[in-house]
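A.B. asks:
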Amino acid sequence: MPYYRAVGEIPHKRHTQFRQPDGSLYAEELMGQEGFSSDSSLLYHRNLPTAISSSVEYDPQATEPAANHPLKPRHFRTHKLDATGDAILGRRHLLANGDCRISYAVADQPSPLYRNAVGDECIYVESGEATVETTFGAIDVSSGDYLIIPMSTIYRVVPTGEEPLRTLVVESTGHITPPKRYLSVRGQFLEHSPYCERDIRGPEAPLLVDGKDVEVYVQHRGRGSKTIWTKFTYANHPFDVVGWDGHFYPWVLSIHDFEPITGRIHQPPPVHQTFQGPNFVICSFVPRKVDYHPDAIPVPYNHHNVDSDEVLFYTGGNYEARKGSGIEQGSISLHPAGFTHGPQPGAAEHAIGIDYFDELAVMVDTFRPLELCEGAQASEDSAYAWTWNRPPSA
12 MPYYRAVGEI PHKRHTQFRQ PDGSLYAEEL MGQEGFSSDS SLLYHRNLPT AISSSVEYDP
72 QATEPAANHP LKPRHFRTHK LDATGDAILG RRHLLANGDC RISYAVADQP SPLYRNAVGD
132 ECIYVESGEA TVETTFGAID VSSGDYLIIP MSTIYRVVPT GEEPLRTLVV ESTGHITPPK
192 RYLSVRGQFL EHSPYCERDI RGPEAPLLVD GKDVEVYVQH RGRGSKTIWT KFTYANHPFD
252 VVGWDGHFYP WVLSIHDFEP ITGRIHQPPP VHQTFQGPNF VICSFVPRKV DYHPDAIPVP
312 YNHHNVDSDE VLFYTGGNYE ARKGSGIEQG SISLHPAGFT HGPQPGAAEH AIGIDYFDEL
372 AVMVDTFRPL ELCEGAQASE DSAYAWTWNR PPSA
């Protein structure tokens with residue numbers, strides 16, 4: 012993250028003696044990116060974070076993804092994936108490539124402790140509430156929140172609301188950050204950024220949990236782009252950090268705090284960019300005033316991004332450009348490279364004169380082709396590819 016925070020008890024100088032009430036040393040741990048050359052935090056544990064008593068293989072029984080072949084646009088109805096479980100092991104994988112994987116989960120029970128040692132995760136809350144417990148402390152999340160979990164952070168998700176927690180998850184093979192064009196050379200958000208430090212929430216206090224022989228599921232790198240899992244048993248509960256400081260920690264941004272950038276004529280999707288990752292971006296489409304040129308056409312023009320696959324998750328409001336195509340709450344559209352996509356027939360004419368869009372959507376654009384995972388194949392609307400052949404809606 013681009014700014015410094017300190018939580019709990021820490022010594023005056025780093026890498027110096029910091030003693031517990033019984034006189035023993037707290038165990039200092041550095042969590043950092045890019046081999047001591049980028050953002051990091053120092054954490055102070057009551058016990059050794061290195062002490063494990065068991066390491067065993069774990070097989071999540073994930074199926075191999077299939078190519079988008081024959082090539083066509085696709086529509087997935089995530090609300091068909093309603094089998095509840097937990098927010099980690101219950102993820103239904105939808106789309107994946109060598110840079111990221113997109114999943115959906117419906118959770119009504121606490122997850123196990125989990126560490127993703129492959130890359131950062133972005134968890135978007137479609138609906139429901141949860142407390143996310145982490146080594147850095149706990150964070151409450153609810154509908155509209157993006158939660159960025161840095162690589163190798165141990166955490167678990169505990170649903171707290173009356174309804175199940177529905178989340179869209181983007182797992183990266185690297186780091187997920189704010190767009191570089193919105194940050195100064197020192198990491199401060201600039202004046203033209205659609206959000207800033209005031210909009211970001213992080214853990215406010217340490218989370219201390221006692222326990223022995225605690226299991227943690229770890230997803231880590233395998234051969235090539237494959238990931239594999241191991242189940243560690245830690246001698247002591249990993250939530251034993253009395254304090255930490257630095258720039259590396261889990262954080263939350265609400266999509267409702269993203270300020271839209273608008274103009275006289277239709278603005279291209281980069282104005283909606285919220286995060287960037289290795290070879291992909293995440294964008295937020297939020298309720299906003301739209302184009303105010305007297306001859307403006309507010310909905311998008313037909314477009315073909317020759318370098319990217321476009322994924323759009325519809326999470327609220329009414330998406331004007333695809334009205335009449337079967338898109339609904341929880342829908343995901345995939346418009347791949349090699350296909351020209353655009354508004355539903357008749358949408359351009361119907362949008363003329365509209366000055367406000369009440370829509371909420373999360374977009375993921377990838378710069379390598381996405382393959383179809385089990386959850387996508389189980390929830391696909393097979394008629395979607397032909398919706399541009401329908402006559403204009405009334």
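If you want our numbering, it's the position in the sequence shown, counting the first as 1, plus 11. Even glycine gets a Cβ: it sits at the ideal position worked out from N, Cα and C.
Sort 48, 55 and 38 by Cα distance to residue 20 and report the nearest one.
C.D. replies: Counting from 1 along the sequence shown, the entry for residue 20 is found at position 9. Comparing Cα positions, the closest option is 55.
A.B. asks: Could you pull the DSSP bridge partners for residue 112 from this structure?
C.D. replies: Along the sequence shown, read from residue 1 onward, the residue named residue 112 stands at position 101. BP columns for residue 112 point to 107 and 182.
A.B. asks: Taking the straight line between their C-alpha atoms, what separation do you get for residue 200 and residue 188?
C.D. replies: In the sequence shown, the residue the question calls residue 200 occupies position 189. In the sequence shown, the residue the question calls residue 188 occupies position 177. Cα-Cα distance, rounded: 12 Å.
A.B. asks: Closest by CA to residue 402, which one among 358, 364, 389 and 325?
C.D. replies: For the purposes of this step, residue 402 is identified with residue 391 of the sequence shown, where counting begins at 1. Considering only alpha carbons, the answer is 358.
A.B. asks: Between the C-alpha atoms of residue 198 and residue 170, what's the straight-line distance to the nearest angstrom?
C.D. replies: Your numbering for residue 198 matches position 187 in the sequence shown. Your numbering for residue 170 matches position 159 in the sequence shown. Cα to Cα, the separation comes out at about 33 Å.
A.B. asks: Do you know how far the Cα of residue 368 is from the Cα of residue 6?
C.D. replies: Beyond the ends of the chain as shown, which are 12 and 405, falls residue 6; an answer cannot be given.
A.B. asks: List the whole-angstrom C-beta distance separating residue 218 from residue 107, where the pair is believed to meet the contact cut-off of C-beta under 8 Å.
C.D. replies: As a working mapping, residue 218 is identified with position 207 in the sequence shown. As a working mapping, residue 107 is identified with position 96 in the sequence shown. Actually they do not touch by this definition, with Cβ atoms about 32 Å apart.
A.B. asks: Leaving out the 5 sequence neighbours to the left and right, which residues in its chain are closer than 8 Å to residue 163 when beta-carbon positions are compared?
C.D. replies: Against the sequence shown, residue 163 aligns to sequence position 152. 42, 126, 127 and 128, listed in sequence order.
A.B. asks: Helix, strand or coil: which one does DSSP assign to residue 227?
C.D. replies: Here residue 227 is taken as the residue at index 216 of the sequence shown, counted from 1. Correct three-state label for residue 227: strand.
A.B. asks: Check for me: the alpha helix (DSSP H) holding residue 216 runs from which residue to which?
C.D. replies: Numbered from 1 along the sequence shown, position 205 holds the residue referred to as residue 216. Note, residue 216: premise wrong, no alpha helix (DSSP H); not H, not E.
A.B. asks: Helix, strand or coil for residue 126 per DSSP?
C.D. replies: In the sequence shown, residue 126 corresponds to position 115, counting from 1. Note: residue 126 maps to strand in three-state DSSP.
A.B. asks: Ignore the nearest five residues each way along the sequence and tell me which others in residue 245's own chain have a CB closer than 7 Å to its CB.
C.D. replies: Here residue 245 corresponds to residue number 234 of the sequence shown, with the count starting at 1. Closer than 7 Å at Cβ, skipping near neighbours: 62, 63, 225 and 227.
A.B. asks: Can you tell me which of the three DSSP states residue 242 falls into?
C.D. replies: Position 231 of the sequence shown, counted from the first residue, corresponds to residue 242. In this structure, residue 242 counts as strand in the three-state DSSP scheme.
A.B. asks: Report yes or no: do the stretch 175-187 and the stretch 107-126 share at least 3 C-beta pairs separated by less than 8 Å?
C.D. replies: Taking 8 Å as the limit for Cβ pairs, the verdict is that the stretch 107-126 does touch the stretch 175-187.
A.B. asks: Exposed or buried, what is residue 131 when buried is set at 16 or more other beta-carbons lying within 10 Å of its beta-carbon?
C.D. replies: By one-based count along the sequence shown, residue 131 stands at place 120. Answer is buried; the Cβ neighbour count reaches 16.
A.B. asks: Kindly identify the DSSP beta-bridge partner or partners of residue 247.
C.D. replies: In the sequence shown, the residue the question calls residue 247 occupies position 236. 223.
A.B. asks: What is the rounded straight-line gap between the Cα of residue 360 and the Cα of residue 143?
C.D. replies: Walking along the sequence shown from the start, residue 360 turns up at place 349. Walking along the sequence shown from the start, residue 143 turns up at place 132. Roughly 45 Å between the two C-alpha positions.
A.B. asks: According to the neighbour-count rule (16 or more other Cβ atoms, all chains shown, within 10 Å of its Cβ), is residue 75 buried or exposed?
C.D. replies: Your numbering for residue 75 matches position 64 in the sequence shown. Exposed, because fewer than 16 other Cβ atoms sit within 10 Å of the Cβ of residue 75.
A.B. asks: My output table needs one value for residue 74: the three-state DSSP class, helix, strand or coil.
C.D. replies: Translated into the one-based positions of the sequence shown, residue 74 becomes position 63. The answer is coil: DSSP assigns residue 74 none of H, G, I, E or B.
A.B. asks: Rounded to whole angstroms, what is the Cα-Cα separation between residue 160 and residue 305?
C.D. replies: The residue you call residue 160 lines up with position 149 of the sequence shown. The residue you call residue 305 lines up with position 294 of the sequence shown. In a straight line, the C-alpha of residue 160 is about 44 Å away from that of residue 305.
A.B. asks: Any contact between the stretch 335-352 and the stretch 313-322? By contact I mean 3 or more CB pairs, one from each, below 8 Å.
C.D. replies: Cβ pair count under 8 Å is three or more, so yes.
A.B. asks: Could you spell out the range, first to last residue, of the beta strand (DSSP E) harbouring residue 346?
C.D. replies: For the purposes of this step, residue 346 is taken as residue 335 along the sequence shown, with counting starting at 1. Looking at the DSSP string, the run of the beta strand (DSSP E) that includes residue 346 is 342-346.
A.B. asks: Go ahead and pull the three-state DSSP assignment for residue 285.
C.D. replies: Counted from its first residue, the sequence shown places residue 285 at position 274. Residue 285: strand per DSSP, three-state reduction.
A.B. asks: Which residue or residues does DSSP assign as beta-bridge partners of residue 411?
C.D. replies: The chain is shown from 12 up to 405; residue 411 falls before or after that span and cannot be answered.
A.B. asks: If I measure Cβ to Cβ from residue 146 and keep anything under 7 Å in the same chain, skipping five residues before and after, which residues do I get?
C.D. replies: Here the question's residue 146 lines up with position 135 in the sequence shown. Taken in chain order, the residues that qualify are 54, 164, 165, 249, 250 and 252.
A.B. asks: Given a cut-off of 9 Å on the beta-carbon distance, is the pair residue 37 and residue 47 in contact?
C.D. replies: Taking the first residue of the sequence shown as position 1, residue 37 is located at position 26. Taking the first residue of the sequence shown as position 1, residue 47 is located at position 36. No, the pair does not count as a contact, with Cβ atoms beyond the cut-off.
A.B. asks: Can you tell me the Cβ-Cβ gap for residue 256 and residue 16, rounded? I've got them flagged as a contact below 8 Å.
C.D. replies: The residue labelled residue 256 in the question sits at position 245 within the sequence shown. The residue labelled residue 16 in the question sits at position 5 within the sequence shown. Their Cβ separation, rounded to whole angstroms, is 7 Å, which keeps residue 256 and residue 16 in contact under 8 Å.
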